[in-house]
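Listed in order, the protein sequences are those of chains U and D.
Just so you know, the first sequence maps onto residues 1 to 269 in the UniProt record's numbering.
Just so you know, the second sequence maps onto residues 1 to 307 in the UniProt record's numbering.
Don't be surprised by glycine CBs; every beta carbon is placed ideally from N, CA and C.
The structure appears below as structure tokens.
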Amino acid sequence: MAGSTNLRRFPGFLAVTIACLFVLYAPLIVVAVYSFNASTSITNWGGVSLTWYLDVFTGPEAPKFQQAALNSLIIAVCASVIATIVATLAAVAMTRAGGFRGKTLSFALINLPLMVPEVVTAVASLVFFSAIGFTTGLTTILIAHTVFCIPFAYLPISARMQSIPDMYEQAAMDLYATPREAFKLVLLPLMTPGILSGFLLAFIISLDDFLITNFVKGAGIETLPTAIFGSVKQGIKPNIMAISTLMLVVSVVFVSLSWLVGRMGQEKT
Amino acid sequence: MAAGAPVGAGGTSHIYQGSGWKLLAPSWIIIGIFLLAPVVMMAVYSFLTKEFRGGVIWEFSLDAYDQFFFDRGLFGDEPPTLEWTYIGIFWRSIWQAGLATITCLLIGFPTAWFIATRNPESRSIWLFLVTIPYWVNLLIRTVSMKFLIRDTGPLNEFLLALHVIEEPLGLINTNFAVQLGLFYSYLPFMVLPIYAAVERYDFSLSEAAADLYAGTWTILWLVILPVVRPGIIAGCILVFVPSLGAFLAPDLLGGAKTFMIGSLIEEQFKGNAGNWPFGAAASMILLTIVMCVLLVYARNQNKAEVR
């Protein structure tokens, strides 16, 4: 019926959507294009070249950025693995352990990192670490990242677990599986897509963080975002654009992966 | 959102009945020690005396809050009058975050509506297109925006070359640039909840309204908006709260005139000029505002669910 399709359409909404996508993508595309600029000046166009990509890997600042990238990666992997395990256990408690005292409070606690403004978390962590005499460094960054990764890992995991009826585990336990076996052999395999997307989400969130890291990192220790921020404060240089483009590519690959994992999970059920 | 949402059709599952606390212990230990305790500590610090060069002296004092709200003259002996500097910074931040929320809503609603009314296959592609930029590092997005709109950046060069403008637009270090940055940072937070609400919208309501001779915009205003309101409110909260404490957008895109709460707090804990109790007090005031917004939201949601 023509009438019902017309009700879905409002004049100008397509134009707004296109404009919205344009604003979202224009800066990223411009930076990606300029990262191939041969000229040393960042505004004049001097032809296509890979100079700045070469500079990222071999230039004078290369060791600094490589160390920063390595730090970012180590922290993101460790923090997201720990957060995913902790979040999975919490999700089991929330969806499979019936009602118990303090359940609502625990739910609020898990989501606390999402509710406290990032800048408050950052300064509070710094003050806390210095009060208990923790030397700031990689460990403090790792701890802080694990904290705010937990709710991000928890969301997809618990959403997935809620959508799985417990009859499969009940069936396994009727056939004399222990609760531990029912968890390992039945629930966990069913949960894999949720756990994977929780892990990927936590991983990206950890790589993304600047503000909290900037406060709890020790002197001389940099992650990629803090190194880039330090460099940008002295002006945007072409090698920053090359690094940005590389990180952009990594993010897009990761999101596409997690999107595919999510679709895979949907098709299975 | 209820914590113990039903599992399958049979309500809450009881398979691991009794082990709830054991399973939650790691979460409590990690978040409890490394976030809850630090925030409580900040609350305590905001009532202590400041030590020069950063740090606190363990002596109770209301100086931090006093300094925030009142001006007692250069030597602190004049009768207190309201001090507008810091209230002004908070007010400006609330205003900026509110404006960013409205911008995101005005752009985000049509976008979400457009996406949700595509066929299911292209829907997921459009949604994917909108969310990709969100996954790109926030710092890189903000730096890209700065690069694009600088006075000597590609946008101005382009418009100058076309003779659309005679001199650079001077966008950087303005409120507009901060708005652009906030919009760019948090737009998907607006689109996603509205999209979810529109996707569940029952179009027979629109048809009924049209049968009763309602025009296109009347239907939008009187039928659609009230129905998808929970999605809109969720989107507004998700944009407003992080915008309020935003640091990167005001720091990189704004100037001294766009100083926001995030920078005010940051300043107190960086370097030697800091005043820890004052920074802690400002943090507590920010936290209180955010918690109030979230509480009002949660109460509204509960009321909606009961209805």
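Residues of chain U with a Cβ closer than 8 Å to the Cβ of D:L294 are, in chain order, M115. Cβ-Cβ distances below 8 Å link U:L126 to T136, F215 and V216 in the same chain, with the five nearest sequence neighbours on each side left out; the list follows chain order. The beta carbons of D:Y86 and D:F68 sit closer together than 7 Å. D:K303 sits exposed, since fewer than 16 C-beta atoms from the chains shown fall within 10 Å of its C-beta. Distance between D:S144 and U:V23, taken at the CA atoms: about 12 Å. Contact check for U:L248 against D:V136 passes: the beta carbons are separated by less than 7 Å. Between U:I74 and chain D, the shortest Cβ-Cβ separation is not below 7 Å. U:P11 and U:A79 have their C-alpha atoms spaced approximately 47 Å apart.
A residue is called buried when at least 16 other Cβ atoms come within 10 angstroms of its Cβ; U:R160 meets this threshold and is buried.
Among the CB atoms of chain U, one or more fall inside 7 Å of the CB of D:F114. Taking 7 Å as the threshold, the shortest C-beta distance from U:R160 to chain D does not fall below it.
With a cut-off of 8 Å on Cβ pairs, the region 221-234 of chain U is not in contact with the region 159-170 of chain D, counting fewer than three such pairs. Listed by position along chain U, the residues whose Cβ is nearer than 8 Å to that of D:W28 are S106 and L109. Residue-level contact by beta carbon fails for U:L142 and chain D, as no gap is shorter than 7 Å.
When rounded, the separation of the alpha-carbon atoms in D:A197 and D:G235 is 10 Å. Between D:I219 and D:S206, the CB-CB gap stays under 7 Å.
When 8 Å is used as the limit between beta carbons, D:L220 is near these residues of chain U: F10, in chain order.
Of all C-beta pairs linking the region 98-118 of chain D to the region 172-192 of chain D, three or more are shorter than 8 Å, placing the two stretches in contact. Within the same chain, and ignoring the five residues on either side of D:T117 in sequence, the residues whose Cβ sits closer than 8 Å to its Cβ are V198. Separation of U:Y53 and U:N239 (C-alpha to C-alpha, rounded to the nearest whole angstrom) is 7 Å. Inclusion of D:P26 and U:V86 in the CB contact set at 7 Å is warranted, their separation being smaller than that value.
Secondary structure at D:D151: coil, using DSSP grouped into helix, strand and coil.
Here D:F70 is not near D:E78, since their CB atoms are 7 Å or more apart. U:V31 has a beta carbon lying within less than 7 Å of a beta carbon in chain D.
D:L244 is the residue among D:Q96, D:L244, D:N275 and D:R150 whose C-alpha sits nearest the C-alpha of D:M291. Of the residues D:R299, D:T142, D:L225 and D:L238, the one whose Cα lies closest to the Cα of D:Y201 is D:L225. D:E166 counts as exposed, since fewer than 16 other C-beta atoms from the protein chains shown sit within 10 angstroms of its C-beta.
According to DSSP, D:I57 shares a beta bridge with D:T49. Proximity of chain U to D:W276 at the Cβ level (cut-off 8 Å) is accounted for by V127, in chain order. The alpha-carbon of U:T121 is positioned some 10 Å away from that of D:F34. Three or more Cβ pairs closer than 8 Å define a contact, and the region 174-182 of chain U falls short of that threshold against the region 198-205 of chain U. Residue environment for U:L70: exposed (fewer than 16 other C-beta atoms within 10 angstroms of its C-beta). Three or more pairs of CB atoms, one per stretch, sit closer than 8 Å, so the region 251-263 of chain D contacts the region 173-183 of chain D.
Rounded to the nearest whole angstrom, the C-alpha separation of D:G88 and U:D166 is 54 Å. Taking the Cα positions, D:L155 is about 21 Å away from U:Q234. For U:E169, the C-beta contacts it makes with chain D under 9 Å involve S13 and I15, in order along the chain.
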